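K.L.:
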Amino acid sequence: MDARGEFQMNETATATTTPNRIASHKTAEAMIVMEHVNKWYGDFHVLKDINLTVARGERIVLCGPSGSGKSTTIRCINRLEAHQSGRIVVDGIELSDDVRQIEAIRKEVGMVFQHFNLFPHLTVLENCTLAPIWVKKMPKKEAEAIAMHFLERVRIPDQANKYPGQLSGGQQQRVAIARALCMKPKVMLFDEPTSALDPEMVKEVLDTMIELAEEGMTMLCVTHEMGFARTVADRVIFMDKGEIVEEAPPEVFFTNPQNERTKQFLGQILNH
Ligand SMILES: Nc1ncnc2c1ncn2[C@@H]1O[C@H](COP(=O)(O)OP(=O)(O)OP(=O)(O)O)[C@@H](O)[C@H]1O
Ligand SMILES: [Mg+2]
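Under full-length UniProt numbering, the sequence shown has 248 at position 248, and the numbering climbs by one with no breaks.
1) Can you name the residues that DSSP bridges to E35?
2) Can you determine whether any heavy atom of ligand 2 sits closer than 7 Å to the C-beta of K70, and answer yes or no?
3) Within 7 Å: the Cβ of V222 and any heavy atom of ligand 2?
4) So what does DSSP say about P257, is it helix, strand or coil?
5) How should R100 be labelled, buried or exposed, when 16 other C-beta atoms within 10 angstroms of its C-beta is the threshold for buried?
6) Please name the residue, chosen from S68, I93, P257, that lies closest to E29 on a Cα-to-Cα basis.
7) Is E81 a contact residue of ligand 2, with contact defined as CB to any heavy atom under 7 Å?
8) Since I believe V46 is in contact with K39 (beta carbons under 8 Å), could you give me their beta-carbon distance rounded to a whole number of angstroms?
9) In its own chain, which residues sit with a C-beta less than 7 Å from the C-beta of T262, not counting the 5 before and 5 after it?
10) Under the three-state reduction of DSSP, which class applies to N117: helix, strand or coil?
11) What is the C-beta distance between P193 and T223, in whole angstroms, given that I count them as a contact (C-beta under 8 Å)?
12) What's the call for H121, buried or exposed, on a 16-neighbour Cβ count within 10 Å?
13) For the beta strand (DSSP E) that contains L220, what are its first and last residues?
14) Please give the ranges of any alpha helix (DSSP H) in the region 169-225, keeping only runs that are unbroken, at least 4 residues long and fully inside the region.
15) In chain order, what residues of the same chain have a beta carbon less than 6 Å from the beta carbon of N271, not counting five sequence neighbours either side?
16) In terms of alpha-carbon separation, which member of D97, F44, L62 lies closest to R235?
17) Could you give the distance in angstroms between the alpha-carbon of S85 and the alpha-carbon of K241?
18) Return the first residue and the last residue of the beta strand (DSSP E) that L52 is part of.
19) Return the residue from the list T72, S68, P157, M217 that minimises the CA-CA distance to F113.
20) Please specify which runs of the alpha helix (DSSP H), each continuous and at least 4 residues long, are wholly inside the region 97-148, giving them in chain order.
21) Taking 8 Å as the threshold (beta carbon to beta carbon), is P65 in contact with chain D?
22) Does the region 138-154 come close enough to the region 122-129 to have 3 or more Cβ pairs within less than 8 Å?
23) How should A160 be labelled, buried or exposed, when 16 other C-beta atoms within 10 angstroms of its C-beta is the threshold for buried?
24) Ligand 2 and D191: does the residue's C-beta get closer than 7 Å to at least one heavy atom of that ligand?
25) Which residue's Cα is closest to the Cα of M219: V124, V90, N117, K162?
26) Which residues bound the beta strand (DSSP E) around I156?
27) Starting from the Cα of G227, find the closest Cα among K203, A248, D158, E214 and give me that residue.
28) Count the other C-beta atoms from every protein chain shown that fall within 10 angstroms of the C-beta of Q171, then say buried if there are 16 or more, exposed otherwise.
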């Protein structure tokens, strides 16, 4: 089976357990749809009318100044944060307060954070098997076999019995990616996965992400690695002050940005 098929293996399993999947509607064709999404933290309007559609297999890079709402946007997609108005649909399932909908979406969406968020008291292997065993009710042996498969894919099978604290930052982040892949997600969300790493470790994590992209994974990546954006992204989206200000394919985004705020941002990050 090719890797693209591998990531879609859970299609049948989730289809039978997923409530209220939207059928025969344009939102069912896209992997992620955000329509007129607004969010406030108290009085602070953090997301302002966000409209974003991510097609199956599409790779998006989300960038923008600190505090512009990038993390909040992707955290809304798997309901780590709740939006207050508008719609978010992932693989045909609309996010609502219904816990079953949230659980169904979380099974399909893998997330990798800036600070890895591995469990320090569990080995690398146990970090990878925890969710498949407890969330998917997978037998331990099967979960371990899948974990080893993905640890090999991120090139650290030899670290399986170590604890996260015994690994370098780059290795820990690759464990975090393998751990997310063990749930066979249809979408991967990355929130600045390389920004806490020493420079020499950035490449090994980006290489893993590039391989994932080449295998057809749908990816939404918050990153300021503009080389990665140029190589991998189908579209680059620029956010500022809670709004999507500009979006374009990388060759247009970097050479011919339209909006003043985008130009200013690119000037800062490309020239330092
Ligand atoms: N839990 C919270 N309560 C109140 N305000 C918050 C909360 N989380 C984030 N914010 C505010 O919302 C805004 C957007 O935050 P967010 O983390 O989405 O920005 P970001 O674009 O990811 O920034 P960075 O590049 O620094 O990670 C910021 O002004 C932030 O201070
Ligand atoms: Mg952030």
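C-beta atoms are modelled at their ideal positions from N, C-alpha and C, and glycine is treated no differently.
This one's a predicted model, so the numbers in the text were calculated from it and none came from an experiment.
P.N.:
Taking the coordinates as given:
1) R87
2) yes
3) yes
4) coil
5) exposed
6) I93
7) no
8) 5 Å
9) F238, V245, E246
10) coil
11) 7 Å
12) exposed
13) 218-222
14) 169-181, 199-214
15) none
16) L62
17) 18 Å
18) 44-54
19) T72
20) 99-108, 124-134
21) Given the protein chain composition of this structure (a single chain), no chain D is represented.
22) yes
23) buried
24) yes
25) V90
26) Careful: I156 lies outside any beta strand (DSSP E) and carries neither H nor E.
27) K203
28) buried
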